[in-house]
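These protein sequence lines are chains A and B, in that order.
Heads up, the first sequence is in UniProt numbering, so the first residue is 1 and it goes up one at a time.
Heads up, the second sequence is in UniProt numbering, so the first residue is 1 and it goes up one at a time.
Number of protein chains: 2
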Amino acid sequence: MKKVTINSVAEYAGVSKKTVSRVLNNEPNVSPATREKVLKVFKELDYKPNPIARGLARNKSFIIGCLYDNPSKSYITRVQSGALEACHKFNYNLLIHPCELRGDELIHNVDQLLTTSRLDGLVLTPPFSDSQELIDFLKTQNIPFARVASALEDDTSISVRSNDEQGAYELTEHLISLGHKEIAFIKGHQDHSATEKRFSGYQNALLNHGIEFNEGLVAQGNFSYHSGADSAKQILDLEPMPTAVFASNDYMAAAVLKLATQRQLRVPEDISIAGFDNAPIARHIWPGLTTIAQPVEEMTRQAVEQLILQISDPSTEVYQKVLEAKLITRESTAAK
Amino acid sequence: MKKVTINSVAEYAGVSKKTVSRVLNNEPNVSPATREKVLKVFKELDYKPNPIARGLARNKSFIIGCLYDNPSKSYITRVQSGALEACHKFNYNLLIHPCELRGDELIHNVDQLLTTSRLDGLVLTPPFSDSQELIDFLKTQNIPFARVASALEDDTSISVRSNDEQGAYELTEHLISLGHKEIAFIKGHQDHSATEKRFSGYQNALLNHGIEFNEGLVAQGNFSYHSGADSAKQILDLEPMPTAVFASNDYMAAAVLKLATQRQLRVPEDISIAGFDNAPIARHIWPGLTTIAQPVEEMTRQAVEQLILQISDPSTEVYQKVLEAKLITRESTAAK
DNA sequence: ATGTACTTTGACACCGGTGTCATAATGTCG
DNA sequence: CGACATTATGACACCGGTGTCAAAGTACAT
């Protein structure tokens, strides 16, 4: 079984390889008869153009890179799934690049990635989508990129995010409506812009409902389960103990739930617990966690789709979108 | 900033591009002086060979594909992480390809993937690593591949797995040593060979400790949390209720724990629960799950490393390895 | 000094596509 | 029907590397 290349197709069809190329790329100036003839040969020989050769000629790789550093496995797989959907739609492929670096090392590492892989573009997920440094670097290198879930203001680059502030506001309001006044809050990782957004949603809700903000009820986490466990200890040791805890993501909320249960506290009777993200764990534990669902796949899908559009036509208008977050109530929150 | 190619390097160094190519690939027959000179120019011009051009010339893509269909996000990310480690070591990249298909459609889909991406090899994870059909297809297509966590007997293809049977045996023995005799079992997905291995480990442990196997204590799951919830209902409704439940993975075990807790059963006092895999959820819930830890990253790392070795030298001996699984005891199991 | 074997080097074709441009074929109009 | 514009097609260079092979250079034995 010999390899089927553009040359064999051209020979078999009795035309030049350039004409075959024209048909392949739907270029104009091919007579209907010729086009028909070539297409028939495609079928007959089961011709598949070689993306590598095409990549060399066009200086493109048809590969999008996905940069991430997130402790949440479910978040990552959701991101990948959305990105893949968009990639496959346009015959691109996805290359994943987890990366724990920051600052200079990060830039260097990304530079390395770009030169060794010839990526056509990059999707940035938190916390990289919030790194001004990285964004500046990509701009100087002229690498197309799209930001996912970044609150960073930059209307010159593609951005799709969900409304973290609104989500946190709604969740806090939900707790308040249940009669809670002492609502502890566990913050996320400082490098993520979502951290501040969620925090201010929480603060604004308190403010608008006449509840005084109490710094003492705030713990600093970093989105990891482990940090949630530390914060949980800090919060459950408070006297008086708050009647509700709002953790900036579900893993940290799960850690609070675990410690509370270990301490024989009943959830939600003794204390209400809420998270953020609607990660699988939120419904895998008992009681299920009240949380905020974000359309992670959809965000990433849109971001990558726009990225690819921009790659194929750099004059495309820069896409920026904010999607809604949605409150999901489960058993972990109840009236005080 | 002009592009630095092999031509500019050659010109700048005053040698032919072929000589540059020799230095690049560490080929023999380059005088030390010339080699030195060229290497210096590499540094000076910050030359990075274009992998696409190289790929075209060598008919290689330096990309490994990873095929998976697994409900466990943590398993997937662990697989990816091990695969990436091996890939980066050899300057390969990883392309991920989740795929829900079976049978003919699967074959067709993989065929599509191969022709559109020119992958150099494939890593198969369960359940694909157990698909004789797919393996036969890849062999006819002459695509190098490696199997991860597959119990399928085939000494002509690379395979790295952990000892599922031994793990299940140890875990069951652990429950028996705690005095349990009515140990329910939740099976995994039928397409995964691990399912049968774990089941026979359980059965053998019972047998060797003089406990009669009871078909009525076995529920059919499929590794998903949801199937675990269904099986949990079935098992907890039994009269008399078993004193321990061994689920074939942690998600299903978590589902049993959730239902048990909902029903006000105390774990482990009223019923012991154990899982398999040591997924993050096993330590994120209370009580933490007794389980079996498998070296997923290490399995995949070795599999991909061997795959790449085989790609660069097809005469490499076929690597087959069984790694040990390890019992992790937590709070979810206790004496009867 | 000369022959022989081995090392070093470069010219050139090639991988499988795309871009440029000249030329051939066809269409339009006075 | 001839002049001209437009469409269709192919020859050829090129993308940035690698493989082949011949030629030049070097080492050593005679």
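Idealized CB from N, CA, C, for every residue including glycine.
In this text the structure is predicted, and so the values were computed from the model without any measurement.
Task: C-beta neighbour in chain B for His-189 (chain A), strict 8 Å - done: Residue 189 (chain A) sits at position 189 when you count from the first residue of the first sequence. For His-189 (chain A), the closest Cβ of chain B is not nearer than 8 Å.
Open item on the list: Against chain B, with Cβ distances strictly below 8 Å, would His-284 (chain A) count as a contact?
Closed with: Translated into the one-based positions of the first sequence, residue 284 (chain A) becomes position 284. Yes, its Cβ sits closer than 8 Å to a Cβ of chain B.
Open item on the list: I'd like to confirm the pairing. Which residues does DSSP put opposite Gly-293 (chain A) in its beta bridges?
Closed with: Looking up residue 293 (chain A) in the first sequence gives position 293. The sequence shown places Ala at residue 293 (chain A), not Gly. Bridge partners of Ala-293 (chain A): A:Asp-277 and A:Lys-326.
Open item on the list: Let me see if you follow: with CB-CB separation under 8 Å, is Asn-91 (chain B) close to chain A or not?
Closed with: Looking up residue 91 (chain B) in the second sequence gives position 91. At least one C-beta of chain A is nearer than 8 Å to the C-beta of Asn-91 (chain B).
- [ ] Measure the C-alpha to C-alpha separation of Gly-55 (chain A) and Gly-82 (chain A) and round it to an integer number of angstroms.
- [x] Walking along the first sequence from the start, residue 55 (chain A) turns up at place 55. Walking along the first sequence from the start, residue 82 (chain A) turns up at place 82. Their backbone Cα atoms lie some 24 Å apart in a straight line.
- [ ] Please list the partners that Gly-55 (chain A) has in chain B, where partner means a Cβ-to-Cβ separation under 7 Å.
- [x] Position 55 of the first sequence, counting from 1, holds the residue named residue 55 (chain A). The answer, in chain order, is Ile-52.
Open item on the list: Against chain B, does Lys-40 (chain A) count as a neighbour if the rule is that its beta carbon must be under 8 Å from one of theirs?
Closed with: Taking the first sequence and counting its residues from 1, the one referred to as residue 40 (chain A) is at position 40. So no, Lys-40 (chain A) is outside the interface.
Task: Complete alpha helix (DSSP H) runs within the region 37–64 of chain B (minimum length 4 residues, chain order) - done: Counting only runs of 4 or more, we get 51–58.
- [ ] Could you check if Leu-101 (chain A) is buried or exposed, using at least 16 other CB atoms within 10 Å of its CB as the buried criterion?
- [x] The sequence position of residue 101 (chain A) within the first sequence is 101, counting from 1. Leu-101 (chain A) sits exposed, since fewer than 16 C-beta atoms from the chains shown fall within 10 Å of its C-beta.
- [ ] Assuming His-180 (chain A) and Ala-247 (chain A) form a contact by the criterion Cβ under 8 Å, report the distance between their Cβ atoms to the nearest whole angstrom.
- [x] Locating residue 180 (chain A) in the first sequence gives position 180, where the first residue counts as 1. Locating residue 247 (chain A) in the first sequence gives position 247, where the first residue counts as 1. Between His-180 (chain A) and Ala-247 (chain A) a beta carbon distance of about 14 Å is seen, past the 8 Å cut, so the two are scored as non-contacting.
Task: Chain-order list of residues whose beta-carbon lies under 8 Å from that of Lys-217 (chain B) (same chain, five-residue window excluded) - done: Locating residue 217 (chain B) in the second sequence gives position 217, counting from the first residue. For the record, residue 217 (chain B) in the displayed sequence is Leu; it is not Lys. Shown here for Leu-217 (chain B): same chain residues with a beta carbon closer than 8 Å to its own, the five before and five after excluded, namely Glu-182, Ile-183, Ala-184, Phe-185, Ile-235, Leu-238 and Pro-242 in chain order.
Open item on the list: At the 8 Å Cβ level, is Leu-84 (chain B) part of the contact set with chain A, yes or no?
Closed with: Looking up residue 84 (chain B) in the second sequence gives position 84. So, interface residue.
Open item on the list: I want to see whether chain B comes within less than 8 Å of Ser-74 (chain A), judged by CB atoms only; does it?
Closed with: Position 74 of the first sequence holds residue 74 (chain A). Answer yes: the Cβ-Cβ gap between Ser-74 (chain A) and chain B drops below 8 Å somewhere.
Task: Straight-line gap, Pro-51 (chain B) to Lys-89 (chain B) (C-alpha atoms, nearest Å) - done: What you label residue 51 (chain B) is simply residue 51 of the second sequence in a count that begins at 1. What you label residue 89 (chain B) is simply residue 89 of the second sequence in a count that begins at 1. Roughly 16 Å between the two C-alpha positions.
Task: C-alpha gap between Thr-77 (chain B) and Leu-95 (chain A), whole angstroms - done: Along the second sequence, one-based indexing puts residue 77 (chain B) at 77. Along the first sequence, one-based indexing puts residue 95 (chain A) at 95. Linking Thr-77 (chain B) to Leu-95 (chain A) through their CA atoms gives a straight-line distance of about 14 Å.
Open item on the list: Going by beta-carbon coordinates alone, are Ala-303 (chain A) and Val-123 (chain A) separated by less than 8 Å?
Closed with: The residue you call residue 303 (chain A) lines up with position 303 of the first sequence. The residue you call residue 123 (chain A) lines up with position 123 of the first sequence. Taking 8 Å as the cut-off, the Cβ atoms of Ala-303 (chain A) and Val-123 (chain A) count as close.
- [ ] Compare the beta carbon distance of Ala-253 (chain B) and Gly-228 (chain B) with 8 Å and say whether it is the shorter of the two.
- [x] Position 253 of the second sequence, counted from the start, is the residue given in the question as residue 253 (chain B). Position 228 of the second sequence, counted from the start, is the residue given in the question as residue 228 (chain B). Remark: C-beta atoms of Ala-253 (chain B) and Gly-228 (chain B) approach each other more closely than 8 Å.
- [ ] Can you grab the Cα-Cα spacing for the pair Gln-278 (chain B) / Tyr-225 (chain B), in whole Å?
- [x] Along the second sequence, one-based indexing puts residue 278 (chain B) at 278. Along the second sequence, one-based indexing puts residue 225 (chain B) at 225. The identity of residue 278 (chain B) in the sequence shown is Asn, whereas the question assumes Gln. Their Cα atoms are separated by approximately 15 Å.
Open item on the list: Is there a C-beta anywhere in chain B that falls below 8 Å from the one on Gln-262 (chain A)?
Closed with: Here residue 262 (chain A) is taken as the residue at index 262 of the first sequence, counted from 1. With 8 Å as the cut-off, Gln-262 (chain A) counts as an interface residue toward chain B.
- [ ] Report yes if the C-beta distance between Ser-200 (chain A) and Asp-130 (chain A) is below 8 Å; otherwise report no.
- [x] Taking the first sequence and counting its residues from 1, one reaches residue 200 (chain A) at position 200. Taking the first sequence and counting its residues from 1, one reaches residue 130 (chain A) at position 130. It is not a contact, given that the beta carbons lie outside the stated cut-off.
- [ ] Measure from the C-beta of Gln-80 (chain A) to each C-beta in chain B and report whether the shortest distance is under 8 Å.
- [x] In the first sequence, the residue the question calls residue 80 (chain A) occupies position 80. At least one CB atom of chain B sits nearer than 8 Å to the CB of Gln-80 (chain A).
Open item on the list: Against chain B, does Ile-281 (chain A) count as a neighbour if the rule is that its beta carbon must be under 8 Å from one of theirs?
Closed with: Within the first sequence, numbered from 1, the residue matching residue 281 (chain A) stands at position 281. Cβ-Cβ to chain B under 8 Å: yes for Ile-281 (chain A).
TODO: Kindly indicate the opening and closing residues of the beta strand (DSSP E) around Lys-187 (chain B).
DONE: The residue given as residue 187 (chain B) occupies position 187 in the second sequence. Element bounds for Lys-187 (chain B): 183–187.
Open item on the list: So the candidates are A:Asn-222, A:Gln-203 and A:Phe-223; which of them puts its Cα closest to the Cα of Glu-215 (chain A)?
Closed with: Locating residue 215 (chain A) in the first sequence gives position 215, counting from the first residue. Per the Cα distances, A:Gln-203.
Open item on the list: Let me make sure I understand the geometry here. Which of B:Phe-213, B:Gln-262, B:Glu-297 and B:Ile-273 has the alpha-carbon closest to that of Ala-334 (chain B)?
Closed with: Translated into positions along the second sequence, residue 334 (chain B) becomes position 334. Among B:Phe-213, B:Gln-262, B:Glu-297 and B:Ile-273, the Cα nearest to that of Ala-334 (chain B) belongs to B:Ile-273.
TODO: Check whether the region 159–173 of chain B touches the region 314–333 of chain B, taking contact to mean three or more Cβ pairs, one atom from each stretch, closer than 8 Å.
DONE: The count of Cβ pairs closer than 8 Å, one atom from the region 159–173 of chain B and one from the region 314–333 of chain B, reaches three, so the stretches are in contact.
Task: Contained alpha helix (DSSP H) runs [length at least 4] in the region 135–196 of chain B, N- to C-terminal order - done: 164–177, all fully within the region 135–196 of chain B.
Open item on the list: Between which residues of its own chain and Gln-306 (chain B) is the CB-CB distance below 8 Å, once the five residues before and five after are set aside?
Closed with: Mapped onto the second sequence, residue 306 (chain B) falls at position 306. Same-chain partners within the cutoff: Ala-146, Ile-158, Val-160, Thr-316 and Tyr-319.
Task: Boundaries of the beta strand (DSSP E) in which Val-123 (chain A) is found, first to last residue - done: Locating residue 123 (chain A) in the first sequence gives position 123, where the first residue counts as 1. Counting along the chain, the beta strand (DSSP E) containing Val-123 (chain A) begins and ends at 121–124.
TODO: Along the alpha helix (DSSP H) that carries Leu-24 (chain B), what are the first and last residues, could you check?
DONE: Mapped onto the second sequence, residue 24 (chain B) falls at position 24. Here the alpha helix (DSSP H) through Leu-24 (chain B) covers 17–24.
Task: Contact residues within the region 92–104 of chain B, judged by C-beta distance below 9 Å to chain A - done: Taking 9 Å as the Cβ-Cβ cut-off against chain A, the residues of the region 92–104 of chain B that qualify are Asn-93, Leu-94, Leu-95, Ile-96, His-97 and Pro-98.
Open item on the list: Check for me: the beta strand (DSSP E) holding Asn-7 (chain B) runs from which residue to which?
Closed with: Working through the second sequence from its first residue, we reach residue 7 (chain B) at position 7. For Asn-7 (chain B), no beta strand (DSSP E) segment is defined; the enclosing uninterrupted segment is the alpha helix (DSSP H) at 6–13.
Task: Between the CA atoms of Phe-62 (chain A) and His-284 (chain A) - distance to the nearest angstrom - done: As a working mapping, residue 284 (chain A) is identified with position 284 in the first sequence. As a working mapping, residue 62 (chain A) is identified with position 62 in the first sequence. Note on geometry: alpha-carbon atoms of His-284 (chain A) and Phe-62 (chain A) lie some 38 Å from one another.
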